[in-house]
Every structure is written in C-alpha cells, then in structure tokens.
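Enquirer:
2 protein chains.
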Amino acid sequence: MDEPSTTLRPTRQRRAINEALQGAADFQSAQDIHDTLRRAGEKVGLATVYRTLQAMAEAGQVDVLQGPGGESSYRQCSTEHHHHLVCRSCGRTVEVTGPAVESWADAVAREHDFAEVSHSLELFGICADCRT
Amino acid sequence: MDEPSTTLRPTRQRRAINEALQGAADFQSAQDIHDTLRRAGEKVGLATVYRTLQAMAEAGQVDVLQGPGGESSYRQCSTEHHHHLVCRSCGRTVEVTGPAVESWADAVAREHDFAEVSHSLELFGICADCRT
DNA sequence: GGTAGATTGAGACTGAGTCTCATCCTACGG
DNA sequence: CCGTAGGATGAGACTCAGTCTCAATCTACC
Ligand SMILES: [Zn+2]
Ligand SMILES: [Zn+2]
Ligand SMILES: [Zn+2]
Ligand SMILES: [Zn+2]
Numbered sequence: 017m018d019e020p021s022t023t024l025r026p027t028r029q030r031r032a033i034n035e036a037l038q039g040a041a042d043f044q045s046a047q048d049i050h051d052t053l054r055r056a057g058e059k060v061g062l063a064t065v066y067r068t069l070q071a072m073a074e075a076g077q078v079d080v081l082q083g084p085g086g087e088s089s090y091r092q093c094s095t096e097h098h099h100h101l102v103c104r105s106c107g108r109t110v111e112v113t114g115p116a117v118e119s120w121a122d123a124v125a126r127e128h129d130f131a132e133v134s135h136s137l138e139l140f141g142i143c144a145d146c147r148t
Numbered sequence: 017m018d019e020p021s022t023t024l025r026p027t028r029q030r031r032a033i034n035e036a037l038q039g040a041a042d043f044q045s046a047q048d049i050h051d052t053l054r055r056a057g058e059k060v061g062l063a064t065v066y067r068t069l070q071a072m073a074e075a076g077q078v079d080v081l082q083g084p085g086g087e088s089s090y091r092q093c094s095t096e097h098h099h100h101l102v103c104r105s106c107g108r109t110v111e112v113t114g115p116a117v118e119s120w121a122d123a124v125a126r127e128h129d130f131a132e133v134s135h136s137l138e139l140f141g142i143c144a145d146c147r148t
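Protein sequence lines, in the order shown, are assigned to chains A and B.
Counted the way our numbering counts, the first sequence spans residues 17 to 148.
Counted the way our numbering counts, the second sequence spans residues 17 to 148.
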C-alpha cells in the first residue's frame, strides 16, 4: 500500500516551494505559488510545483482544499486533524476542530457498515472584515 | 440576488435528463448522463446536459458531489438538508443527516464572526459488499 | 398562424493538471 | 575527490471537464 520509501531529496525547488508555503497565511493554488516564485526570481517549473505540492500533501505536510471550480489549493497547517472555516471573499482561513463531528462520522460509518471511512468537511462564509 | 424568474421550459431534452436522473441510484457525472442518453437513443447535446444539470442544482432539484478530480456528479436526493456516505469502490450512496454537525457549524461560525456560512461534508468509505 | 424570447448543439475554446523524455543534480561508494 | 545510479527537473505537448458562441429551432402565448 505504501511506496518503498523513495528518498525525497531536498532540492532548491522544493526548498523554494516550502518557503512560499510558509510565507502564506491562506490557501494558494499551485499556479499562485508558481507565480509567486517566478516573481521572486526563483525559476521553478510548473510541473515541479504540481508534483511537489502533491507529494507534500500525500506526506501530510500540507492541507489540500478543493475550490469550487475543482481547483486544489494548498496550505501549511497544524499536523493534527482539523477542518477549515474559509472566507468566500478574501480567503481568510481559520482552523477549527469538531470532536462531535468526528464521533458522529464514526457512528454513521459503523451503522451503515462502511470501512476505511474518511470525511471532507469545510465551512465557507463571509468574515467580519469583508462585511465592511 | 435571484433571477427575474426566467420561465424554464419543459423540453424533450430536460425531460430526458430528468428521467435519466430518476433511474439512477448513485451520483453520475454530466458525461455519464450524456452517454446514457445517447445509448438510449435520445439525442441531447453535451452542453445542454451541463446547462440543465447546473440549473437543476441551483434550483435545488439535484445534489452535486465534487469528485476527487474536481469532477461534479449529480444525484436526485431528498429535498431536506443532508450529507452523503459514499462507497469509494462502487459509488453506492447513502443519505445521512447530522443534527450535531449542523449546530456545531453554526456555533463555529458565530464564534469566529462569519456570516452566510455554508458547509460541505461528505463521508467516503468502502461498503460491506465491496469488502467481499 | 405569428412572434418574442427561451433553448439547443456543433464545434471552438479555456484552463487546470498530467505526461514525456532529454538533461540536470544529489547521494554515496570507492 | 571523482564516478555513477537513479531521483528530480522543465519545456512543451497533451488530456479532459467544462464553457462559450451563435445561428437554427422550439415554446408559450396572443
Ligand atoms: Zn488545515
Ligand atoms: Zn474575508
Ligand atoms: Zn461499494
Ligand atoms: Zn449539513
């Protein structure tokens, strides 16, 4: 089920992507990050940005948020399980946890006899600042 | 915020799409539905399928599920607010409700002063049948 | 029947994301 | 210190869901 521990080398590109991620507070698409890097003078291929971001997501180093257009955005988050409250207008993101939700999900899964159950849960709204 | 009540006419194409939806138990992509119709002899343009499905989704007549690849799938569901438990293997779908989740979402939104808060929540797992 | 306006569909187009493959770079052993 | 194996990179072709255009067609209604 898991790869033979491919060595994942620390390259200039990966470092750059990692830094771009650290410097951002909210979710950013691969293209956003690519642009940021280009503007910062770092030459990194778009394919590399996609590959790296995906790898980091699989490794649990970043969170992925599926935007409305199906576009994936990435963010450096806390490592513990959590969800997000995102402003539809400015993208401001707040990490939230919901123990009640977690146990509810477990119960539902058990009740319907589903295994390996995961869940996706995100909240979208308009933050106080964006309401003028 | 809403359209000037455009008349939404019942055409052959819309009827066909509606029937295809009724005949399916699980979520189907626009392309799936288009294929089904073509095979059934109904000639309906792909653009029309997309347009109709979107319109129905906006009107709350069908539910939309964002697949992993960002692909949207549609399903005829109950009209009351609910979520889905979907089998990753065969697509079997169960509608579930979680009052606890709803109130939790409200509380979180209030706590962080976000308005017009909506949420997306889906559960994915492997159903009993698919586990042999 | 006649007309305004909604609807349709073939095909061009968009844009996110993936693939290819020749080249580059890192890690590591001698 | 090299030298090499195999991971990493990137330009550009490519895929594919979904959107747009616009002339032709269909509906509702008088
Ligand atoms: Zn997060
Ligand atoms: Zn905001
Ligand atoms: Zn199943
Ligand atoms: Zn809900």
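C-beta atoms are modelled at their ideal positions from N, C-alpha and C, and glycine is treated no differently.
With distances taken from CA atoms, which of A:T113, A:V124, A:A131, A:T109 is nearest D145 (chain A)?
Expert: A:T109
Enquirer: By the three-class DSSP mapping on this structure, what secondary structure does P20 (chain B) have?
Expert: The predicted position of P20 (chain B) is uncertain, since its pLDDT is 44 and thus under 50; a value taken from the coordinates is nonetheless stated next. Note: P20 (chain B) maps to coil in three-state DSSP.
Enquirer: For A36 (chain A) and T52 (chain A), which I take to be in contact (beta-carbon distance under 8 Å), what is that distance rounded to the nearest angstrom?
Expert: 5 Å
Enquirer: If you count every other CB in all the chains shown that lies within 10 Å of the CB of C106 (chain B), and 16 or more means buried, which is it?
Expert: Flag for C106 (chain B) reads exposed.
Enquirer: So R91 (chain B) and V78 (chain B) are in contact, right, with Cβ under 8 Å, and what is the actual spacing, rounded?
Expert: 6 Å
Enquirer: Ligand 2 and D122 (chain A): does the residue's C-beta get closer than 7 Å to at least one heavy atom of that ligand?
Expert: no
Enquirer: Would you tell me roughly how many angstroms separate the C-alpha atoms of R147 (chain B) and V124 (chain A), rounded to the nearest one?
Expert: Inter-residue distance for R147 (chain B) and V124 (chain A) is about 18 Å (C-alpha atoms, whole angstroms).
Enquirer: If the criterion is Cβ atoms closer than 8 Å, does the pair S94 (chain B) and E111 (chain B) meet it?
Expert: yes
Enquirer: Work out the CA separation of G57 (chain B) and A131 (chain B) for me, nearest whole Å.
Expert: 47 Å
Enquirer: For a quick check, are the C-beta atoms of L139 (chain B) and A116 (chain A) less than 8 Å apart?
Expert: no
Enquirer: Going along the region 116 to 148 of chain B in order, which residues come within less than 8 Å of chain A, judged by CB to CB distance?
Expert: A116, V117, W120, A121, V124, A125, H128, D129, F130, A131, E132, V133, S134, H135, S136, L137, E138, L139, F140, G141, I142, C143, A144, R147
Enquirer: Alpha carbon to alpha carbon, how far is H128 (chain B) from C103 (chain A)? Give it in angstroms, no decimals.
Expert: 11 Å
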